[in-house]
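All remarks here apply to the structure that follows.
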Amino acid sequence: MRMPNAHRSFRTIACTVAALGLVLAGSVSATAATNEPSTPVPITPPDGTVMSYVVNIGQANPGQTRKAEKAVTEAGGVVVQSWPEIGVVIAQSDRAAFRDTVKAKGKNVVASVGATRTVEVKDKVTGPQAPWGPGASGWKQGKNKPVNGDEPTEPVPAAASDSLESQQWDMTMIQADQAHQVTDGNRNVLVGVLDSGIDPTHPDLQANLDVADSVNCTTGGRPDQAEGGWYPTTSDHGTHVAGTIAAARNDVGIVGVAPNVRLASVKVVNDDGFIYPEYAVCGFMWAAQRGMDVTNNSYYIDPFEFWCDDQPDQAAVREAVARAVNWSNSKGVVSAAAAGNSGLDLTVNTRDEGSPDDAAQPTPRTINQGCKDIPAQVPGVVTVSSLTQTGQLSYFSNRGLGEIDVAAPGSRILSTIPGGKYGLKSGTSMASPHVAGVLALMKSAHPELTPAQMVQKLEDDATPTACSAPQYDEGAACVGTPELNSYYGHGIVNALKAVQ
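With mature numbering (1 follows the signal peptide of the UniProt record, and there is no 0) as the guide, the letters of the sequence shown map in order to residues -32 to -1, 1 to 468.
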């Protein structure tokens, strides 16, 4: 059997039991077998429909950013958030011609403009500056709606002590239990969990949660530290991911990979279950500004599973995200990301059947070697495939020679869920936080390492693993050697070697 492409990215990456711009040009590897043009997906909102856009500036500096902001206003838009460090402005506008107009108004300043979604925004900026309504100043959130994609988490009864640790086969597979004899991690290390929020009352997470550095990025892409904004609302996903990374050793429940490091909740998933580009850009920028060491990214950015560089809107979004990732990396942040749950070989895939996932109906399309899953395929991000308890590639896991960096446990992973509870979840979403935890342990033991050095050590330390049959054999051929192949990348991540 094979997991079908899901309707929303958040549930695709997190299943349960079940050449534009400054950065991208020449910097990504091919991931499809064709050079045919990708199928266009036009985004043509009528006047009066408030849409969200990234506006990329040719030269990243405050002066050019102010000029771009002026162009946004003159084009009938509202500046939601500016990131002068990377030359990106997040804007909203109800003008159908906004993209063309802002480029004309910002001639010699604006390099590219792209719509970040295919539907009208719910998180609209309000106030006198917004032409679509006076309103009160501040933000208006969409109505809470459960994320329909995740199948129900399989609950596990709470334990009176860390006795649930004996059920954490995943920690044994990556030798985290042995690494803990060296270190449980350093309190100076901070991991940003870019996800759906972390339950601040969970007994396994409360002591390690850094409230001062937590934030909500789903307010149009602007960082918002209002009380409760970064709490989980409609999903247990972020809380589960957080437990794998750093559930405390406290005689309660489970123990994370790095049980003594700090966690920051960086909410990038809105109440409808979408991770739009402006949310992710905000998350990476916030992580860099707050001095985080590691981020975990168990998602792909909506509404496209693959963003194509021969489509202007999609190319502009890819540029903005790549700039944010690269700037965070330059500030000392190393990021791990889930490879995705579509059961695809990313090096030969030529079809995307489920995008855009925020539209009434997706547009089945041909994709080419310039179409990427972001952030997993942004250069510098550690891409993680998922394994079963027997060490096989999970049936849902994406793969690809040169695309997968390392592998980690991701099937039926026991971790924390809101309300002080525990549950089993499956997905590359569950594999990636194991790697984030190992990186946090590594940074604790070797604080002098740069992100590039950490990634190199992670790959060097991984346990080489020869090709094996996947969990369900559909002819999903494994390609490569034990030292580097399409299933395991450089091998299974190893926490013990990371701290040695």
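Using N, Cα and C, we set each Cβ at its ideal position, and we do this for glycine too.
Source: prediction; values computed, not measured.
Rounded to whole angstroms, the Cβ separation of I166 and S80 is 34 Å, and the two are not in contact under 8 Å. The count of Cβ pairs closer than 8 Å, one atom from the region 395 to 402 and one from the region 367 to 378, reaches three, so the stretches are in contact. With respect to G45, A59 sits close: the two C-beta atoms are nearer than 9 Å.
Contact fails between the region 130 to 137 and the region 449 to 458, because fewer than three Cβ pairs, one in each stretch, are under 8 Å apart. Per DSSP, reduced to three states, the secondary structure at L369 is coil, with no helix or strand assignment.
For a cut-off of 8 Å, the C-beta gap from V374 to V352 is around 6 Å, short enough to register as a contact. Taking all protein chains shown into account, G259 has fewer than 16 neighbouring C-beta atoms within 10 Å of its C-beta and is therefore exposed. Taking all protein chains in view, the Cβ of N3 is surrounded by fewer than 16 other Cβ atoms within 10 Å, so the residue is classified as exposed.
Assignment of V236 by DSSP, reduced to helix, strand and coil, places it in the coil class.
Around the CB of Q49, 16 or more other CB atoms lie within 10 Å, so the residue is classed as buried. Between T212 and S354 a beta carbon distance of about 12 Å is seen, past the 8 Å cut, so the two are scored as non-contacting. One Cα belongs to T7, the other to A466, and the distance between them is close to 43 Å. Shortest Cα-Cα distance from D178 to any of C185, N76, N156, V89 involves N156.
Taking C-beta atoms as the reference points, E371 and Q345 count as a pair closer than 9 Å.
Remark: fewer than three beta-carbon pairs, one from each stretch, lie closer than 8 Å, so the region 270 to 284 and the region 216 to 226 are not flagged as touching. V47 places its beta carbon 9 Å or farther from that of V249. Spatial neighbours of D15 in its own chain (CB-CB distance under 6 Å, excluding positions within 5 residues in sequence) are listed in chain order as A64. In the same chain as A256, and ignoring 5 residues on each side of it, the C-beta atoms closer than 7 Å to its own belong to W295, S296, K299, V301, in chain order.
D429 is the residue among D145, A444, D429 whose C-alpha sits nearest the C-alpha of H458. For K71, the enclosing alpha helix (DSSP H) has its first and last residue at 66 to 73. Contact annotation: N228 and A210 have beta-carbon atoms that are not nearer than 9 Å. DSSP places P123 outside any alpha helix (DSSP H); the residue lies instead in the beta strand (DSSP E), whose first and last residues are 122 to 124. In the three-state scheme derived from DSSP, where H, G and I count as helix and E and B as strand, Y267 is classed as coil. In the three-state reduction of the DSSP assignment, L312 falls in the coil class. For I11, there is no enclosing beta strand (DSSP E), since its DSSP letter is neither H nor E. S365 is positioned such that its CB atom lies closer than 9 Å to that of A399.
G82 is bridged by DSSP to V22.
By the neighbour-count criterion, in which a residue is buried when 16 or more other Cβ atoms sit within 10 angstroms of its Cβ, G188 is buried. The beta carbon of T151 lies closer than 7 Å to those of L409, S412, A413, V467 in the same chain, with the five residues before and after it left out. Nearest to T121 by alpha-carbon distance, out of K425, I385, G196, is I385.
For D163, the uninterrupted beta strand (DSSP E) run begins and ends at 158 to 163, by DSSP. For Q60, the enclosing beta strand (DSSP E) starts and ends at 56 to 61.
In the structure shown, the three-state DSSP call for Q146 is helix. Counting along the chain, no alpha helix (DSSP H) covers D91, and no H or E run does either. In this structure, V236 is the residue among Q174, V236, A180, P191 with its C-alpha nearest to the C-alpha of S203.
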